[in-house]
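Engineer: Numbering (the working numbering), first residue to last: 141 to 1295.
Every residue gets a Cβ at the ideal spot worked out from N, C-alpha and C, and that includes glycine.
Following this line, the structure appears as structure tokens:
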């Protein structure tokens, strides 16, 4: 099929005689163009080899994807030429296909590494040098800091840099000096105070002028003197050269009031008020700058100390890298750039080994990287450089990305007769949404000409409007603003806290997702080439930061929305990962008792809280460390289970300490997992697949840093967590689930429906006592009277950083919104006020900017006043929920997710302790476990052993005591049979069956269950019998019923109030079949003569409770059935029997047990 390209795409693909920089808008097919150009270059140059084309991508993942696409296209061309009976040309494509693994498709750091290795002698490097990733470099920096501080302490007389520790405190100094970017900074002397003051004044003046321009201030006239004063100020700020005059006018406008003559025109009054408020804010800033000027004499000495300390640490860091023959990313770039200043090296590569150079995501490069590209590409004359990017999507300033490079290079290429095709047609987004993007970003994304040039360099203009390849088919508003008030409609006088409102917002998002799923909102399917109903997999929630990710995850769970978190600090905070990290920490450092206790309490060892408390008290009484007390656990009065667990933990930890230094870290971790049956344990949990994947990812990380010691790896992991390196849950199959990720992680992806929550939150700002900016300028706070006080240089650097952050924040919003193909949701918190609206954050973040740019302030204020929940304004639908949504009581899809029991409805009545409290006989039985009621049923229905059941019931209920501890006896046939039943019961509850679970994995799981239930002898015999029973179950009609059920819940917890009792329990299986809802309860009991029907009545009450709990949720009393595992017998229990049990008075039945 003939592929049609747009005119701009044709230039980007076919023009090979000029340098080209492509401006590629979001969704414009940039990757497609890159791959097609790669193939076109091969077609036009049949003698080239694949490695003659160098393609640089931003990430290794992008490089792998591009390599795969090129491979696929090469295969297609080969088969095409075979089909066209052109064997010679087909052979050429086959040859290129054979070279694909050697193609130079890599990141900039990968390219640098290859160049330095190939020219190690000229670069002055060890040929076996290693490359440090960000975290490894941080660990080495910690060593350098430690070396530096030891040297400072040993210095005599005392080194002056030690004064910083006395002034700022050790922790603060360490947090500052650990910033790798500070070491990479080439410190420049700050400009003089007059120039800094002028820059600050110009920046704030530019903001005032921008506000005035948005109000079209010059388009009308008013003869009021206050109007004229404002206009004089604006004229002075725009064109004046006398700063003193500007300041006088700013002060005059800031003092304006309206107590005298009225301003008749309300528009004029509103504008004058806005200008007055901005002038007041600027006056406050100028007051701070003036104060900072007065403390300026303290700044040079303090700055000199900081720069000296930084230099010392940097020297120690460089020395360590040299000793270890390692390079960090900055070294790779700097040394490669230096290497390429050698003409002999350039001659070796340009037009010889490198015939063409292609760079993707060029907007996120820096000047050093451009120097490397320019050197290899030959600059203006060679015409072998192809760059593609979008300055509107430059969002990696924190990694050194410099958007000004893109615009400078673009200007240079155009000036030297190169090409700048603009790919402005979106193949992703429908036309109505494209129109909304254009309307918003045309207003907010622009270069402010009043700003100093160094700020303008980091701003971008929206430029040519985007066009849509796909026209909108439906008239649904493409954008929805989901706004959360500070109170519900029923509690107008009760202001909700920020955390409560964020939870409300998360619940509203989850509720809206379920709403559009139920409504079958139509979305475009690229693969099918048609519209279809939206699915969960079509939806993403994009976060600026993952700080509150747990709130949104909880809301999605409450509303039954399947999701996966694919990026975020969430991975490093996963409990299953920290369980193993805590174990490693306890092995490495026996004195880290928090890590030790955490490991003991975790599923690794299952030690109870009571045992841990006893262990702590024993250690304190005997002056022992906690790890020493574990070895003496026999002296404690603990349950047999806890003794066994502590003995196991002691043996495992001792074993792992013996592995240190003898095996790789990954092997030690695998040994720990094997010894603790950890994989089997977490696999049995409802979220087991994801947890197991995260453990596998931990092992992958450990494999990747095999050279680290155990202690270094623990430190390494803490660095990963502290630095919030963006990792997601292990990459399992996403399936039909909503995706949660950061905006940065979403770069290059697309979804039909995008949610952007928490939009009112702006940038956090930098409050560090020492700050710097990309130009190398440095500022610090000085300590005066025990307080960190900013100097003028600090204010200046901080303002430069703030302006650049604001510009990048706007680009981040552009990236987030343009991930959407069909619908965009933006949510946040708003407040009603007397005039207009306010926001939960003072600056209002993106939300305020969007609302004001689209002139929706008055509409939203009216909705708040009228308590209106929904309204459409053009292409934007406004949603203002009046109350928090109620989570559904049950779900209709097949899922293993458990019900979320609403414990908040169970409010105990407070006691009025004014007289003696009379305790009712049945008070201890107010809270009951459903399984306890089986003992009650046994006491009532078992003539032979009724007294034993009654005694056990009294022991557990009235005396709140555990079951009696049986004597230690030799394992008998009866006890072995009991253990087999318990193992099978556990496997059935979690759905671990032979035809669904890998045999090796199932064997491991059953081993774990056997150990848990006390099997210490012939474990394999127990497992063999368990497998036999499980296979027997798979042949039963119950298994077939569950398998073909429409909905299945396993291990379903419940809690509800019945008369005076609160009953809780767990239902083995609840499923919905063609005939209705059905409960299955698995029983492991040994039954005399195998007469299960006679045995069953003792469980009627327990089963009735289960059925009644379900009835409370769905309004229907389900059918119920007991399944006796050993006998493969099912005993149906009719609804009449269940209702008869429920008609009895539970309190009366309990009182009969009391003696």
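1) Given this structure, state the Cα-to-Cα distance separating residue 567 from residue 482, to the nearest angstrom.
2) Report the residue ranges of all alpha helix (DSSP H) runs contained in full by the stretch 904-963; include only those spanning at least 4 residues, in chain order.
3) Can you check DSSP and say which residues form a bridge with residue 1011?
4) So is residue 152 buried or exposed if we call it buried at 16+ other beta carbons inside 10 Å?
5) I want to know whether the stretch 754-770 touches the stretch 689-697 - three or more CB-CB distances under 8 angstroms.
6) Buried or exposed for residue 642, please, with buried defined as at least 16 other CB atoms from any protein chain shown within 10 angstroms of its CB.
7) Measuring alpha carbon to alpha carbon, tell me which residue in 1190, 1120 and 1019 is nearest residue 1170.
8) Return the chain-ordered ranges of every alpha helix (DSSP H) run that is complete within the stretch 694-780 and spans a minimum of 4 residues.
9) Check for me: the beta strand (DSSP E) holding residue 1197 runs from which residue to which?
10) Would the beta-carbon of residue 499 fall within 7 angstroms of that of residue 479?
11) Can you name, in chain order, every residue of its own chain whose Cβ lies under 6 angstroms from the Cβ of residue 1302, other than the five neighbours on each side?
12) Rounded to whole angstroms, what is the Cα-Cα separation between residue 968 and residue 632?
13) Could you check the C-alpha separation between residue 159 and residue 200 for me, to the nearest Å?
14) Taking C-beta to C-beta, are residue 922 and residue 701 nearer than 7 angstroms?
15) Is it true that the CB of residue 1281 sits closer than 7 angstroms to the CB of residue 1244?
16) Give me, in chain order, the residues of the same chain whose beta-carbon lies closer than 6 angstroms to that of residue 166; leave out the 5 immediate sequence neighbours on both sides.
17) Can you tell me which residues form a DSSP beta bridge with residue 967?
18) Put residue 900 into one of helix, strand or coil per three-state DSSP.
19) Look at the Cβ atom of residue 719, then the Cβ atom of residue 742, and state whether they are nearer than 7 angstroms.
20) On the three-pair Cβ rule with 8 angstroms, is the stretch 204-211 touching the stretch 502-516?
21) Going by CA-CA distance only, name the one from 611, 418 and 263 that's closest to residue 467.
22) I'd like to know whether the C-beta atoms of residue 932 and residue 433 end up nearer to each other than 7 angstroms.
23) Which ranges would you report for the alpha helix (DSSP H) in the stretch 153-187 if only whole runs of at least 4 residues count?
24) By alpha-carbon positions, which one of 844, 817 and 604 ends up nearest to residue 832?
25) Would you kindly check if the distance between the Cβ of residue 179 and the Cβ of residue 213 is under 7 angstroms?
26) Looking at residue 343 and residue 939, is the spacing between their C-beta atoms short of 7 angstroms?
27) What residues match up with residue 1271 in a beta bridge as DSSP calls it?
28) May I have the straight-line CA-CA distance separating residue 190 from residue 529, to the nearest angstrom?
29) Given residue 1206, which residues of its chain have a CB within under 7 angstroms of its CB, disregarding the five upstream and five downstream residues?
30) When the Cα atoms are used, what is the spatial distance from residue 577 to residue 990?
31) Touch check for the stretch 423-442 and the stretch 365-379: three-plus C-beta pairs under 8 angstroms?
32) Helix, strand or coil: how does DSSP classify residue 649 here?
33) Taking residue 409 and residue 403 to be in contact with their CB atoms under 8 angstroms, please state how far apart those CB atoms are, rounded to whole angstroms.
34) Which residues does DSSP list as the beta-bridge partners of residue 1127?
35) Where DSSP assigns a beta bridge to residue 662, which residues make up the other side?
36) Given this structure, state the Cα-to-Cα distance separating residue 350 from residue 644, to the nearest angstrom.
Structural biologist: From the atom records:
1) 44 angstroms
2) 932-957
3) 1018
4) buried
5) No: fewer than three Cβ pairs fall under 8 angstroms.
6) buried
7) In terms of Cα proximity to residue 1170, the closest of 1190, 1120 and 1019 is 1120.
8) 715-728, 733-741, 749-761 and 766-770
9) 1187-1198
10) no
11) The chain is shown only over 141 to 1295; residue 1302 falls outside these bounds and no answer can be derived.
12) Between residue 968 and residue 632, the C-alpha separation is close to 19 angstroms.
13) 25 angstroms
14) Cβ distance not < 7 angstroms, so residue 922 and residue 701 don't count as in contact.
15) yes
16) 958
17) 622
18) coil
19) yes
20) The count of Cβ pairs closer than 8 angstroms, one atom from the stretch 204-211 and one from the stretch 502-516, stays below three, leaving the stretches out of contact.
21) 263
22) Judged by their CB atoms, residue 932 and residue 433 are nearer to each other than the 7 angstroms cut-off.
23) Runs of the alpha helix (DSSP H) inside the stretch 153-187: 170-184.
24) 817
25) yes
26) yes
27) 1262
28) Each residue's CA atom was taken as its position, placing residue 190 and residue 529 some 23 angstroms apart.
29) 1191, 1192 and 1193
30) When only Cα atoms are considered, residue 577 and residue 990 end up about 11 angstroms apart.
31) no
32) helix
33) 4 angstroms
34) Residue 1127 is not bridged to any residue.
35) Beta bridge pairing from DSSP links residue 662 with 673.
36) The alpha-carbon separation between residue 350 and residue 644 amounts to approximately 35 angstroms.
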